[in-house]
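Numbering (my numbering), first residue to last: 5 to 74.
Beta carbons are placed, not taken as given, at the ideal position from N, Cα and C, and that holds for glycine.
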Ligand SMILES: [Zn+2]
Ligand SMILES: [Zn+2]
């Protein structure tokens, strides 16, 4: 089992959920993957792309991308 790399300086993939933008969907809040910078929508959003990304990529550490939120 390997420890996922955490790079706080990794640039975010964008200012919104890429997957939602691609499908014309919407999101409630955003989450940022600390391993690769992937931005996905949170579990309160319609498609839950952040959780989906974590499952599919094996990147388990997702931080909030919202100001003032952990
Ligand atoms: Zn999304
Ligand atoms: Zn990732």
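### Query
What residues are listed by DSSP as bridge partners for residue 43?
Taking the chain shown and counting its residues from 1, the one referred to as residue 43 is at position 39. In the DSSP assignment, residue 43 forms a beta bridge with 36.
### Message
Rounding to the nearest angstrom, what Cα-Cα distance links residue 33 and residue 50 in this structure?
### Response
One-based indexing of the chain shown puts residue 33 at position 29. One-based indexing of the chain shown puts residue 50 at position 46. Spanning the two alpha carbons is a distance of roughly 10 Å.
### Query
Buried or exposed: residue 44, going by 16 or more other Cβ atoms within 10 Å of its Cβ?
In the chain shown, counting from the first residue as 1, residue 44 sits at position 40. With 16 or more other Cβ atoms within 10 Å, it is buried.
### Query
Once you ignore the five residues that flank residue 23 on each side, which residues in its own chain have a CB closer than 7 Å to its CB?
The residue given as residue 23 occupies position 19 in the chain shown. 44, 51, 53, listed in sequence order.
### Query
Got a sec: does ligand 2 put a non-hydrogen atom nearer than 7 Å to the Cβ of residue 55?
Residue mapping note: residue 55 aligns to position 51 of the chain shown, counting from 1. Every heavy atom of ligand 2 is 7 Å or more from the Cβ of residue 55, so no.
### Message
Are there any heavy atoms of ligand 1 lying less than 7 Å away from the beta-carbon of residue 23, as far as the coordinates show?
### Response
Against the chain shown, residue 23 aligns to sequence position 19. Yes, since a heavy atom of ligand 1 falls inside the 7 Å radius drawn around the Cβ of residue 23.
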